[in-house]
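K.L.:
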Amino acid sequence: MDLPTGQPSPPSVWVHGASAGDQRALSPLVSALREGGEVEVRVTAFTTTGRSMGTSLFGHRFIGRPPLPLGPFVDRFLNRHKPRLCILEYLELYPAWIMRCLARGLEIGVVDGKVGPRSLRIARLLAPSARHLSFFCAQTEADAEGASRLGVPDRRITVCGNGKHDADFSAPPHPTPDLRAAVGAVDVVVGSLFTNEERPFIEALKSRLPSHGLRVLLAPRYPDRAGSIARRARRAGLKVALRSEGPSPDAQLVVLDTLGELAAAYALAPVALIGGGFSRRGSQNLVEAAAHGCVLICGPNVSNVELEIRALDGETTFRAETFAHALDAASSWAGPREPARHQAALRRLSGATARHLTVLAPFLARAAVPWYCPQPISNGGER
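Under this note's numbering, the sequence shown has 688 at position 35, and the numbering climbs by one with no breaks.
1) Could you work out which residue in A979, R774 and V805 is closest to G762 when comparing CA atoms only?
2) By Cβ distance below 7 angstroms, which residues in the same chain neighbour V924 in space, the five residues on each side in sequence not counted?
3) Tell me the start and end of each unbroken alpha helix (DSSP H) in the region 764 to 803 that is at least 4 residues and wholly inside, in chain order.
4) Does DSSP classify W667 as helix, strand or coil?
5) Jot down the residue ranges of each uninterrupted alpha helix (DSSP H) in the region 855 to 912, minimum 4 residues, whole runs only, in chain order.
6) Which first and last residues belong to the alpha helix (DSSP H) in which L999 is found?
7) For A917 versus P989, is the C-beta spacing smaller than 7 angstroms?
8) Would you say V958 and S932 are within 7 angstroms of each other, going by their C-beta atoms?
9) Taking the alpha-carbon positions, what's the D807 to Q792 distance?
10) Confirm, please, whether the CB-CB distance from E850 to G769 is below 7 angstroms.
11) Whose C-beta lies closer than 8 angstroms to the C-beta of V940 among residues of the same chain, with five residues either side of it excluded?
12) What number of angstroms, rounded off, separates the C-alpha of L682 from the C-alpha of H1009?
13) How big is the Cα-Cα spacing for L862 and S787?
14) Using a Cβ-Cβ cut-off of 8 angstroms (strictly less than) and excluding sequence neighbours within five positions of L1002, which residues of its own chain qualify?
15) Using only alpha-carbon positions, find the residue among R677, R972 and A942 that is nearest to V955.
16) Just to confirm before moving on: does the CB-CB distance between K767 and Y743 stay below 7 angstroms?
17) With distances taken from CA atoms, which of R896, D765 and G913 is nearest Q905?
18) State the Cα-Cα distance for the pair V668 and P719, rounded to the nearest angstrom.
19) Do A977 and A894 have their beta-carbon atoms positioned less than 7 angstroms apart in this structure?
20) Assuming contact is defined by CB atoms lying nearer than 7 angstroms, are S665 and E693 in contact in what I supplied?
21) Measuring straight from C-alpha to C-alpha, what distance separates A613 and A993?
22) Taking all protein chains shown into account, decide if R753 is buried (16 or more other Cβ within 10 angstroms of its Cβ) or exposed.
23) Return the residue from the list L871, A886, R757 and P953 that minimises the CA-CA distance to A922.
24) Around the Cβ of G717, are there at least 16 other Cβ atoms within 10 angstroms (buried) or fewer (exposed)?
25) Between the Cα of A997 and the Cα atoms of A1007, D966 and D877, which residue gives the shortest distance?
26) Do F726 and V696 have their C-beta atoms within less than 7 angstroms of each other?
27) Using 7 angstroms as the limit for Cβ to Cβ distance, is K767 near chain C?
This is the structure in structure tokens:
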């Protein structure tokens, strides 16, 4: 934001989301804050893919890593950027962040709050921070109950939904010509495969290739795992290529070793196999694949995406107990993509950003952030 010489800087709001998915989920909220008033939004992320996505989405408003969760680092960050309000995505409850903000009289809270079994197992560690949150916008009623168990006062908890559902699903990103050329035609895109899922997936693919003849594009949850996956698959006897190596038409498995291309890559295959659900971590984001109309195959652990699965439920959403079963389902699918139906289902889940803004409005006002306050939203609600 260009200002005349001597003009004071507009008030800032610090918004943090750790990963690439968190950055995408925050995008509608960041856009609304920017458009609604004279405010400088400063965005941070922890992971490599998160920082790449943040830079792509927010440009100069993305300022890099957040401070390490130690007092002196937090103080230095707050002194430099001088936020008047702090918004954390998902469940980034670092005690040093919260307590240092409170010491300065800054309001700090959570949007897209998700409280799973792992968080509840360490509730005693999170409770001292959670009880001081100014607001907690939960994704679901179950997350609201989890936040209450963590120690967040009930009067500060509101069920708002998930910001990722407010993206423009009618125009999902499409592959660049370079990506299309490098990957070629594939039958299945495997998205966000976790480290402990790599070995069983490769074993299943090896066992099914003789009968199914599938060609697969695999995107690891952590891109720096691409080389290790490729080596493991080669040792298993598969023909493997890395996306960065360029066209490899003979490869049975192409491993995506670049940043920020998975959302577009789902357009390359009619079937998407979503990682995470074949481990205890739980299924990763399936919204991007659904927006392209892909047939969706998830693992058995889908508790964190049940809302989306219910919305999309039908003949194009499957749950598989094992990777072998998932590949069997992928090879037998012969139907068309259904982007319009999937996009319509996802739009029915939208509205979280408006509810977030309703919750945030009084905190923005108290922080003297000039911003247009929306009318209260009827769906969702305070506990």
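All residues carry an ideal CB built from backbone N, CA and C; glycine is no exception. Keep in mind that this is a model prediction, so the values were computed, not measured.
P.N.:
On the basis of the coordinates in this document:
1) Checking every option, the nearest Cα to that of G762 belongs to V805.
2) Once the five neighbours on either side are set aside, the close Cβ partners of V924 are D840, V841, C947, V948, I950, A983 and W986.
3) Here the runs fully enclosed are 770 to 774, 776 to 783 and 794 to 803.
4) Looking at W667 - three-state DSSP - the assignment turns out to be strand.
5) Runs of the alpha helix (DSSP H) inside the region 855 to 912: 879 to 888.
6) Looking at the DSSP string, the run of the alpha helix (DSSP H) that includes L999 is P992 to R1000.
7) Not a contact, by the Cβ cut-off of 7 angstroms.
8) No.
9) About 15 angstroms.
10) Pairing G769 with E850 gives a Cβ-Cβ distance that is not under 7 angstroms.
11) Non-local C-beta neighbours of V940 in its own chain, meaning closer than 8 angstroms and more than five positions away in sequence, comprise K817, H818, A820, F822, E961 and L999, ordered along the chain.
12) Cα-Cα distance, rounded: 8 angstroms.
13) Whole-angstrom Cα-Cα distance: 53 angstroms.
14) Taken in chain order, the residues that qualify are G814, N815, H818, L960, E961 and A964.
15) Cα-wise, what sits closest to V955 is R972.
16) Against a cut-off of 7 angstroms, the Cβ pair of Y743 and K767 comes out as a contact.
17) The option with the nearest alpha carbon to Q905 is R896.
18) When only Cα atoms are considered, V668 and P719 end up about 10 angstroms apart.
19) Contact flag unset, no.
20) S665 places its beta carbon less than 7 angstroms from that of E693.
21) The requested residue 613 is not part of the displayed model; the chain covers only 654 to 1036.
22) Taking all protein chains in view, the Cβ of R753 is crowded by 16 or more other Cβ atoms within 10 Å, so the residue is classified as buried.
23) Sorting L871, A886, R757 and P953 by C-alpha distance to the C-alpha of A922 places L871 at the top.
24) By the Cβ neighbour-count rule, G717 is exposed, with fewer than 16 other Cβ atoms within 10 Å of its own.
25) Per the Cα distances, D966.
26) Result no, Cβ atoms of F726 and V696 do not sit closer than 7 angstroms.
27) Annotation note: the requested chain C is absent from the structure, which comprises a single protein chain.
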